[in-house]
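Enquirer: Under the UniProt record's numbering, the final residue of the sequence shown carries the number 395; numbering is consecutive throughout. Built from N, CA and C at the ideal position, the CB exists for glycine as well. Structure provided below as structure tokens; questions to follow.
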Amino acid sequence: MSDTNNELLAALESADQIKVGDVVTGEVLAIDNDNQAVIGLHTGEEGVVPAREYSDDRNVSLADNLKVGDTIETVVISNVTSDKEGVSYLLSKKRLEARKAWEKLSFGEGDVVDAKVLNAVRGGLIVDVNGVRGFVPASMVAERFISDLNQFKGEDIKAEVIEIDPAKARLILSRKAVAAQERAEKLAEAFNRLEVGEVVEGKVARLTDFGAFVDLGGVDGLVHVSEISHDRVKNPADVLSKGETVQVKILALDSDRGRISLSIKATQPGPWDEVAEKAPAGTVLEGTVKRVKDFGAFVEIFPGIEGLVHVSQISHKRIENPADVLKSGDKVKVQVLDVKPAEERISLSMKALEEKPADNNREEQSNRASRADVAAYQQDDDGAATLGDIFGDKL
1 MSDTNNELLA
11 ALESADQIKV
21 GDVVTGEVLA
31 IDNDNQAVIG
41 LHTGEEGVVP
51 AREYSDDRNV
61 SLADNLKVGD
71 TIETVVISNV
81 TSDKEGVSYL
91 LSKKRLEARK
101 AWEKLSFGEG
111 DVVDAKVLNA
121 VRGGLIVDVN
131 GVRGFVPASM
141 VAERFISDLN
151 QFKGEDIKAE
161 VIEIDPAKAR
171 LILSRKAVAA
181 QERAEKLAEA
191 FNRLEVGEVV
201 EGKVARLTDF
211 GAFVDLGGVD
221 GLVHVSEISH
231 DRVKNPADVL
241 SKGETVQVKI
251 LALDSDRGRI
261 SLSIKATQPG
271 PWDEVAEKAP
281 AGTVLEGTVK
291 RVKDFGAFVE
301 IFPGIEGLVH
311 VSQISHKRIE
321 NPADVLKSGD
331 KVKVQVLDVK
341 PAEERISLSM
351 KALEEKPADN
361 NREEQSNRAS
371 RADVAAYQQD
381 DDGAATLGDI
391 FGDKL
């Protein structure tokens, strides 16, 4: 055989050789246990497409998408040498689709694109942008830290392209800047729509130690812990839950700082609304000591209603320190002295329910008698007895 013929034969054989990275078309020969599809290639060799290389969907069924005799286009990602079976190839359909998607990309860094969240991983979100897999780092998902990223799975989001490198199939995006812009627009709309004093409906978006953030339709307002209930609330999570629908009153709108202050308790009847009718002056009630101060003790007489027993109203005996005779949790009887609902103040007395000491009573009675005697006999212009007559030489 001439050298020319040898070169021609070598060239033909070389043309039939399959290399990693080649795009090949083949026929589906078999589907093994729904785990992989066996593909017959034009060279007479066989390749396999594992389910994981067919689609990004981990639950994909090859049997539902392929049948024997179908033609499929794939890319060669590796070759596997077997003494028994010769050379076979590991093929991928999803990587070929990704390569084609990269070739069709029409955006660059700084552009805002639509993305579908495929999965949430420890470091961020895996997204699909027109067939290209991208990544949104956790620090770029939102303006604030979000501990559970699973809430974004399956969502359609807008994100800014931060880095793009087709050669390395690298696409990094940020939702943070886009979210900030969207929030600014929604805040502007909310400030135009809402009015101070208005009562609106919202959903509890998240809970913190200092209060609850309520979603008013794309923007969050804060219900401070002191505005959750008329009762004392230590932890907002004790009385509210995420996703709960609540009625809130708009307390303040601060457009400069982008803040909305809300109140739940302002939408509910207050405990002081009927206290003047339930406990007018003179009413005797039983209450619980809640706090003891140097100047007196605060006693809860109704849920959310506390009145002050001043130190001078604790006992007829002289009390230097209220803590010497009272402690938190004590059950006591009190009499209402004064009620001021508008100021949310009520004055109470324990002393008024105690009998005065006997010696004090005798002294008081003696004083009253003496004053009466003096008044009765203090006459000096009609011949009646004078003070000198009454008291004699003592004057």
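1. What alpha helix (DSSP H) runs, 4 residues minimum, are completely inside the segment 93-159?
2. Using the three-state DSSP reduction, which class does N79 fall into: helix, strand or coil?
3. Find the nearest neighbour of P137 within the set I146, G124, G217, judged by alpha-carbon distance.
4. Return the residue from the list G110, L207, D254, T25 that minimises the CA-CA distance to P47.
5. Using a Cβ-Cβ cutoff of less than 7 angstroms, which residues in the same chain neighbour A120 once the five nearest sequence positions on both sides are dropped?
6. With distances taken between CB atoms, is the gap from K340 to S315 smaller than 7 angstroms?
7. Helix or strand or just coil, what does DSSP make of R345?
8. To the nearest whole angstrom, what separates the beta carbons of R132 and A101, a pair I think is in contact under 8 angstroms?
9. Name the two residues that bound the continuous alpha helix (DSSP H) containing T176.
10. In this structure, how does DSSP classify P50 when only helix, strand and coil are distinguished?
11. Determine the extent of the beta strand (DSSP E) in which V204 is found, giving its start and end residues.
12. Thinking C-alpha only, which one of R58, A279, V113, D215 is nearest E163?
13. Apart from the five residues just before and just after K327, which ones in its own chain have a Cβ nearer than 8 angstroms to its Cβ?
14. Grouping DSSP H, G and I as helix and E and B as strand, with all else coil, what is A279?
15. Cα separation between V22 and V75?
16. Counting Cβ pairs closer than 8 angstroms, one from the segment 167-180 and one from the segment 241-251, do we hit at least three?
17. What is the residue span of the alpha helix (DSSP H) that D64 lies within?
18. Exposed or buried, what is P236 when buried is set at 16 or more other beta-carbons lying within 10 Å of its beta-carbon?
19. Taking its Cβ as the centre, do 16 or more other Cβ atoms sit within 10 Å of A213, making it buried, or is it exposed?
20. May I ask you to report which of helix, strand or coil DSSP gives K340?
21. Is the segment 213-225 in contact with the segment 253-263, if contact means three or more CB pairs nearer than 8 angstroms?
22. Determine, using beta carbons only, whether I157 and A184 come nearer to each other than 7 angstroms.
23. Quick one: what's got a C-beta closer than 6 angstroms to T245's C-beta in the same chain, skipping five residues either side?
24. Could you pull out every residue in the same chain whose Cβ sits closer than 8 angstroms to the Cβ of residue 396, ignoring the five residues on either side in sequence?
25. If the criterion is Cβ atoms closer than 7 angstroms, does the pair L348 and V311 meet it?
26. Leaving out five residues on either side along the sequence, give the residues of the same chain with a beta carbon under 6 angstroms from the beta carbon of residue 407.
27. Which same chain residues end up closer than 7 angstroms to A342 when comparing Cβ atoms and leaving out the 5 residues on each side of it in sequence?
28. Nearest CA to the CA of V284: which residue from F295, F302, Q335?
29. What does DSSP give as the partner residue(s) for residue 404 in the beta ladder?
30. Provide the residue span of the beta strand (DSSP E) that contains Q36, from first to last.
31. Any idea what DSSP makes of residue 420, helix, strand or coil?
Expert: So, from the data block:
1. Qualifying alpha helix (DSSP H) stretches, in chain order: 94-104.
2. The residue given as residue 79 occupies position 79 in the sequence shown. In this structure, DSSP gives N79 an extended state, which the three-state scheme calls strand.
3. As a working note, residue 137 is residue 137 in the sequence shown. Checked all of I146, G124, G217; the closest Cα to P137 is G124.
4. Your numbering for residue 47 matches position 47 in the sequence shown. In the sequence as presented, Pro is not what sits at residue 47; that position holds Gly. Nearest option by C-alpha distance: T25.
5. Taking the first residue of the sequence shown as 1, we reach residue 120 at position 120. For A120, where only same-chain residues beyond five positions count, the Cβ hits under 7 angstroms are L149, N150, F152, K153.
6. The residue labelled residue 340 in the question sits at position 340 within the sequence shown. The residue labelled residue 315 in the question sits at position 315 within the sequence shown. Contact flag unset, no.
7. For this step, residue 345 is matched to residue 345 along the sequence shown. DSSP places R345 in strand when its eight states are reduced to three.
8. Numbered from its first residue, the sequence shown carries residue 132 at position 132. Numbered from its first residue, the sequence shown carries residue 101 at position 101. Before going further, note that residue 132 is Val rather than Arg in the sequence given. In this structure V132 touches A101 by the C-beta definition: roughly 5 angstroms separates them, less than 8 angstroms.
9. For the purposes of this step, residue 176 is taken as residue 176 along the sequence shown, with counting starting at 1. In the sequence as presented, Thr is not what sits at residue 176; that position holds Lys. 176-193 is the span of the alpha helix (DSSP H), which, as asked, contains K176.
10. To locate residue 50, count along the sequence shown from 1; it is residue 50. The answer is strand: DSSP assigns P50 an E or B state.
11. Position 204 of the sequence shown holds residue 204. Unbroken beta strand (DSSP E) run through V204: 199-208.
12. As a working note, residue 163 is residue 163 in the sequence shown. Of R58, A279, V113, D215, the residue nearest in Cα terms is V113.
13. Here residue 327 refers to the residue found at position 327 of the sequence shown. Here the set comprises V289, V292.
14. Residue 279 sits at position 279 when you count from the first residue of the sequence shown. The answer is coil: DSSP assigns A279 none of H, G, I, E or B.
15. Against the sequence shown, residue 22 aligns to sequence position 22. Against the sequence shown, residue 75 aligns to sequence position 75. This sequence places Asp at residue 22; Val is not what is there. Computed Cα separation, rounded: 6 angstroms.
16. No, they do not touch.
17. As a working note, residue 64 is residue 64 in the sequence shown. Counted as a single uninterrupted DSSP element, the alpha helix (DSSP H) harbouring D64 occupies residues 62-65.
18. Along the sequence shown, one-based indexing puts residue 236 at 236. Buried, since its Cβ has 16 or more Cβ neighbours within 10 Å.
19. What you label residue 213 is simply residue 213 of the sequence shown in a count that begins at 1. According to the sequence provided, residue 213 is Phe. The question's Ala does not apply to it. Taking every protein chain shown into account, the CB of F213 has 16 or more other CB atoms within 10 angstroms, so this residue is buried.
20. As a working mapping, residue 340 is identified with position 340 in the sequence shown. It is a strand residue.
21. Yes, they touch.
22. Here the question's residue 157 lines up with position 157 in the sequence shown. Here the question's residue 184 lines up with position 184 in the sequence shown. No.
23. For the purposes of this step, residue 245 is taken as residue 245 along the sequence shown, with counting starting at 1. Cβ neighbours of T245 beyond the five flanking positions: K203.
24. Nothing can be reported for residue 396: it is not among the residues displayed for the chain, which extend from 1 to 395.
25. One-based indexing of the sequence shown puts residue 348 at position 348. One-based indexing of the sequence shown puts residue 311 at position 311. No, they are not a contact pair.
26. What the structure shows of the chain is the stretch from 1 to 395, and residue 407 is not part of that stretch, so it cannot be assessed.
27. Walking along the sequence shown from the start, residue 342 turns up at place 342. Sequence-distant Cβ neighbours of A342 in its own chain, meaning closer than 7 angstroms and more than five residues away, do not exist here.
28. For the purposes of this step, residue 284 is taken as residue 284 along the sequence shown, with counting starting at 1. Comparing Cα positions, the closest option is Q335.
29. Outside the displayed span of the chain (1 to 395) sits residue 404, for which this structure offers no information.
30. Walking along the sequence shown from the start, residue 36 turns up at place 36. It spans 36-40 - the beta strand (DSSP E) in which Q36 sits, taken as one unbroken run.
31. Any answer about residue 420 is impossible in this case: the structure gives the chain only from 1 up to 395.
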